[in-house]
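Enquirer: The structure that follows is given in the form of structure tokens.
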Ligand SMILES: [Zn+2]
């Protein structure tokens with residue numbers, strides 16, 4: 003899980019399929035090439051949603067980023083309960 007904290011994500015679509023090259027974030031999912039990745043604040047919210055099972059935040063993030071390739075919380079919740 004901790005490795006995911008350092009993950010870069012595309013600021014346009016939220017995909018973690020991003021390559022950082024010469025300070026540019028090149029997204030393989032949507033093809034965007036940006037000079038910045040997803041903001042640290044949103045990365046943190048994703049982490050919190052994933053680790054804490056915060057489905058409300060997760061849904062907000064999902065509607066904001068179309069390629070947010072993260073596991074479904076509904077199934078994770080079921081496992082925990
Ligand atoms: Zn993208």
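Residue numbers (the numbering used here): 3 to 83.
For glycine and all other residues, C-beta sits at the position ideal for the given N, C-alpha and C.
If you scan the stretch 12-79 from start to end, which runs of the beta strand (DSSP E) of 3 or more residues do you find wholly inside it?
Expert: Complete beta strand (DSSP E) runs here, min 3: 20-23, 26-29.
Enquirer: Out of curiosity, what's the CA-to-CA distance linking residue 64 and residue 15?
Expert: Counted from its first residue, the chain shown places residue 64 at position 62. Counted from its first residue, the chain shown places residue 15 at position 13. Distance between the alpha carbons of residue 64 and residue 15 is about 9 Å.
Enquirer: Return yes when at least one heavy atom of ligand 1 lies under 8 Å from the C-beta of residue 10, else no.
Expert: Residue 10 sits at position 8 when you count from the first residue of the chain shown. It does not: the Cβ of residue 10 is nowhere closer than 8 Å to a heavy atom of ligand 1.
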